[in-house]
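S.K.:
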Amino acid sequence: MDKWDKRRSEILTLLCREEYGFIPSTLTSLRFELVAEDKQFCAGKVTLSKVLAAGQLGDRSFSFPFYTSIPNGKQKYPFFVFINFKDAIPDAYFPVEEICDNGFAVLSFCYQDVTSDDNDFTNGLAGVIFGGSERKADECGKIAMWSWAASRVMDYAETLSSLDLTKAVVVGHSRLGKAALLTGALDPRFACTISNESGCSGAAVSRGKTGEKIKDICNRFPHWFCANYSKYMDKEHDLPFDQHFLVAAAAPRLAYVASAKKDTWADPDSEYLSCVAASEVYGKLGLAGFVHPDRLPEVGDVFHEGDIGYHLRDGLHYLSREDWLYFIRFLKRKFQV
Ligand code: GCU
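First residue of the sequence shown? That's 493 in the working numbering, and the numbers climb one at a time after it.
1. If we count the other Cβ atoms within 10 Å of its Cβ and call it buried at 16 or more, is alanine 642 buried or exposed?
2. Entirely within the region 685–732 and at least 4 residues each: give me those alpha helix (DSSP H) ranges in chain order.
3. What separation, rounded to the nearest whole angstrom, lies between the Cα atoms of aspartate 612 and tyrosine 818?
4. Report the three-state DSSP secondary structure of histidine 736 (helix, strand or coil).
5. With hydrogens ignored, establish whether the beta-carbon of histidine 729 is closer than 7 Å to any heavy atom of the ligand COA.
6. Does the separation of the CB atoms of leucine 738 and leucine 788 fall below 8 Å?
7. DSSP puts asparagine 594 in a beta bridge; with which residues?
8. Report the rounded CA-to-CA distance for tryptophan 716 versus arginine 805, giving the unit in angstroms.
9. Would you list the residues sitting across from serine 784 in a DSSP beta bridge?
10. Starting from the N-terminal side, write out each stretch of the alpha helix (DSSP H) that is 4 residues or longer and does not extend beyond the region 559–614.
11. Taking lysine 826 as the reference, give the member of Ser555, Ile800, Leu808, Gln567 with the closest Cα.
12. Would you call glycine 700 buried or exposed, if buried means 16 or more other Cβ atoms sit within 10 Å of its Cβ?
13. Is serine 687 closer than 8 Å to isoleucine 706 when the C-beta atoms are compared?
14. Between the Cα of isoleucine 515 and the Cα atoms of Gly623, Glu631, Tyr774, which residue gives the shortest distance?
15. Valine 791 to aspartate 761, Cα distance in whole Å?
16. Suppose you measure from the CA of lysine 628 to the CA of glutamate 797; what does that come to, to the nearest Å?
17. Identify the continuous beta strand (DSSP E) that holds lysine 659 and give its terminal residues.
18. By how many angstroms is the C-alpha of tyrosine 774 removed from the C-alpha of alanine 743?
19. Please state whether DSSP places glutamate 626 in a helix, a strand or coil.
20. Which two residues bound the contiguous beta strand (DSSP E) that contains phenylalanine 524?
21. What does the Cβ neighbour count give for glutamate 525, buried or exposed, with the cut at 16 atoms within 10 Å?
22. Since glycine 547 and serine 553 are thought to touch, with beta carbons under 8 Å apart, how far apart are those beta carbons, to the nearest angstrom?
23. Note down the Cα distance separating isoleucine 562 from valine 543, rounded to an integer number of angstroms.
24. Enumerate in chain order the residues of its own chain whose CB-to-CB distance from aspartate 793 is below 6 Å, with the five nearest sequence positions on each side excluded.
25. Since threonine 651 and alanine 597 should fall inside the 8 Å C-beta cutoff, what is the C-beta to C-beta distance between them, to a whole number of angstroms?
26. If you compare alpha carbons, which of His784, Leu668, Tyr748, Lys723 is closest to cysteine 810?
27. For lysine 634, count the other beta carbons within 10 Å of its own beta carbon; 16 or more makes it buried, fewer makes it exposed. Which is it?
28. Which one or two residues does DSSP pair with lysine 542 in a beta bridge?
29. Taking the alpha-carbon of phenylalanine 795 as reference, which of Arg500, Ser751, Asn711, Leu777 has the nearest alpha-carbon?
30. Please report the distance separating the alpha-carbon of arginine 523 from that of leucine 808.
31. Please report the distance separating the alpha-carbon of alanine 528 from that of tyrosine 585.
32. Taking Cβ positions, are proline 714 and aspartate 656 nearer each other than 8 Å?
33. Give me, in chain order, the residues of the same chain whose beta-carbon lies closer than 7 Å to that of tryptophan 638; leave out the 5 immediate sequence neighbours on both sides.
34. For tyrosine 748, name the three-state secondary structure that DSSP assigns.
35. In the DSSP assignment, find the beta strand (DSSP E) that holds tyrosine 512 and state where it starts and stops.
36. Apply the 10 Å Cβ neighbour rule to glutamine 532 and answer buried if 16 or more other Cβ atoms are within range, or exposed otherwise.
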């Protein structure tokens, strides 16, 4: 395990330096303020609260809101930290009542409340970090900032007695699945990391990948990454890692990769191969890793036996109710709740 701790930290340095960028360590703590509370949410089964996280770096300050939806029972709940596209609750990506009915709490935030999804590094968290100055080649892109915010929501979770802190799960879809993977890799407080259709520069291995390539993503979304990442446009084979490093960085904790058959831009086969490759680390730690048949995935495959959970559903790029129910099934089995 000592050997893996050392290797894991080398892997994290590599991923930050070459792909997502480093967040300055001077930005560590935020203040939290409860701004609204509804104990009657979901027919009185859930308390929905709105919290404001506020931080300062020198004379620059910023804040972002997030929500907690916690069942009104007496036990400590396992919970999701959900990085979402919107701040509405419920939302098309977010069947909150059903999640809570299943005995899970959810803490969620809208990614763009942290900083905008574009090349503007002067607003929100980006503005606080850079204060208008130029980003260095290994300094954080936006994915790293959304991921950092998820860890701050986890800081708040640690102050709540209604949550089971040993059963924290970070989840996101697509670009926010990439952010969820980075969060789970960097923050060992998360017992499970869930990537839904995160594709290129998320769960999918880059070598041999079809659909979106590093060149496509760096041309359209350069702000998601650190500037160093653009070195690998059309040069996947020069990468000193591949995306299974990101999945494996969760080890020995749980990871989950979900794919959709018609999401060819993300490339389900490459997401699956990443789980296969990441499994080696679990194996070396004496764990089951990814338990799967010796073939490529087929629609309807659900592999929940090992430490890396997986499913491939039919349909398009979307975080569906079906995906959430698979996550919940896997977590109930692993957490024994
Ligand atoms: C684009 C992008 C993907 C990303 C997706 C999303 O399609 O190319 O890499 O995952 O947006 O976030 O919805």
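Note that beta-carbon positions come from the ideal geometry of N, C-alpha and C, so glycine has one too.
M.R.: According to the structure shown:
1. One-based indexing of the sequence shown puts residue 642 at position 150. Per the 10 Å Cβ criterion, buried.
2. 706–712
3. Taking the sequence shown and counting its residues from 1, one reaches residue 612 at position 120. Taking the sequence shown and counting its residues from 1, one reaches residue 818 at position 326. Separation of aspartate 612 and tyrosine 818 (C-alpha to C-alpha, rounded to the nearest whole angstrom) is 37 Å.
4. Sequence index remark: in the sequence shown, residue 736 carries index 244 (1-based). Three-state result, histidine 736: helix.
5. The model depicted lacks the ligand COA and carries the ligand GCU instead.
6. Looking up residue 738 in the sequence shown gives position 246. Looking up residue 788 in the sequence shown gives position 296. Taking 8 Å as the Cβ cut-off, leucine 738 and leucine 788 do not qualify as a contacting pair.
7. Working through the sequence shown from its first residue, we reach residue 594 at position 102. Per DSSP, asparagine 594 has no beta bridge partner at all.
8. Residue numbering aside, residue 716 sits at position 224 when the sequence shown is read from its first letter. Residue numbering aside, residue 805 sits at position 313 when the sequence shown is read from its first letter. Cα to Cα, the separation comes out at about 27 Å.
9. Walking along the sequence shown from the start, residue 784 turns up at place 292. Note on identity: in this sequence residue 784 is histidine, with serine being the wrong assignment. Paired residue(s): none; histidine 784 is not in a bridge.
10. 588–593
11. Taking the sequence shown and counting its residues from 1, one reaches residue 826 at position 334. It is Ile800.
12. As a first step, residue 700 is located in the sequence shown; it is residue number 208 there, counting from the start. Classification for glycine 700: exposed.
13. Translated into positions along the sequence shown, residue 706 becomes position 214. Translated into positions along the sequence shown, residue 687 becomes position 195. No, they are not a contact pair.
14. Numbered from 1 along the sequence shown, position 23 holds the residue referred to as residue 515. Closest by alpha carbon: Glu631.
15. Indexing the sequence shown from 1 puts residue 791 at position 299. Indexing the sequence shown from 1 puts residue 761 at position 269. The straight-line gap from Cα to Cα measures roughly 11 Å.
16. Walking along the sequence shown from the start, residue 628 turns up at place 136. Walking along the sequence shown from the start, residue 797 turns up at place 305. Roughly 43 Å between the two C-alpha positions.
17. Numbered from its first residue, the sequence shown carries residue 659 at position 167. Start and end: 655–665.
18. Walking along the sequence shown from the start, residue 743 turns up at place 251. Walking along the sequence shown from the start, residue 774 turns up at place 282. Whole-angstrom Cα-Cα distance: 6 Å.
19. Residue 626 sits at position 134 when you count from the first residue of the sequence shown. Glutamate 626: coil per DSSP, three-state reduction.
20. As a working note, residue 524 is residue 32 in the sequence shown. Note, phenylalanine 524: beta strand (DSSP E), 523–532.
21. Your numbering for residue 525 matches position 33 in the sequence shown. Exposed: under 16 other Cβ atoms inside 10 Å.
22. By one-based count along the sequence shown, residue 547 stands at place 55. By one-based count along the sequence shown, residue 553 stands at place 61. The Cβ separation is near 7 Å, so the contact holds.
23. Reading the sequence shown from its first residue, position 70 is the one you call residue 562. Reading the sequence shown from its first residue, position 51 is the one you call residue 543. In a straight line, the C-alpha of isoleucine 562 is about 13 Å away from that of valine 543.
24. By 1-based counting over the sequence shown, the position of residue 793 is 301. Only Leu804 meet the Cβ criterion.
25. Here residue 651 refers to the residue found at position 159 of the sequence shown. Here residue 597 refers to the residue found at position 105 of the sequence shown. In fact, because the Cβ distance is near 14 Å, the residues do not count as touching under 8 Å.
26. As a working mapping, residue 810 is identified with position 318 in the sequence shown. Checking the displayed sequence, the identity of residue 810 turns out to be tyrosine instead of cysteine. It is Leu668 whose Cα lies nearest to the Cα of tyrosine 810.
27. As a working note, residue 634 is residue 142 in the sequence shown. Classification of lysine 634: buried, given that the 10 Å Cβ count is 16 or more.
28. If you number the sequence shown from 1, residue 542 lands on position 50. DSSP, once it has assigned bridges, lists Ala528, Tyr559 as partnering lysine 542.
29. Walking along the sequence shown from the start, residue 795 turns up at place 303. Of the candidates Arg500, Ser751, Asn711, Leu777, the one whose C-alpha sits nearest the C-alpha of phenylalanine 795 is Ser751.
30. For the purposes of this step, residue 523 is taken as the residue at position 31 of the sequence shown. For the purposes of this step, residue 808 is taken as the residue at position 316 of the sequence shown. One C-alpha to the other measures close to 39 Å.
31. Mapped onto the sequence shown, residue 528 falls at position 36. Mapped onto the sequence shown, residue 585 falls at position 93. C-alpha separation (whole angstroms): 23 Å.
32. Looking up residue 714 in the sequence shown gives position 222. Looking up residue 656 in the sequence shown gives position 164. Not closer than 8 Å, so no.
33. Within the sequence shown, the letter at position 146 stands for residue 638. Cβ contact annotation for tryptophan 638 (same chain, cutoff 7 Å, sequence separation greater than five): Ile575, Tyr603, Val606, Leu668, Ala671, in chain order.
34. Here the question's residue 748 lines up with position 256 in the sequence shown. Note: tyrosine 748 maps to strand in three-state DSSP.
35. Walking along the sequence shown from the start, residue 512 turns up at place 20. Taken as a continuous stretch (DSSP letters only), tyrosine 512 belongs to no beta strand (DSSP E), as it is neither H nor E.
36. As a working mapping, residue 532 is identified with position 40 in the sequence shown. Answer is exposed; the Cβ neighbour count stays below 16.
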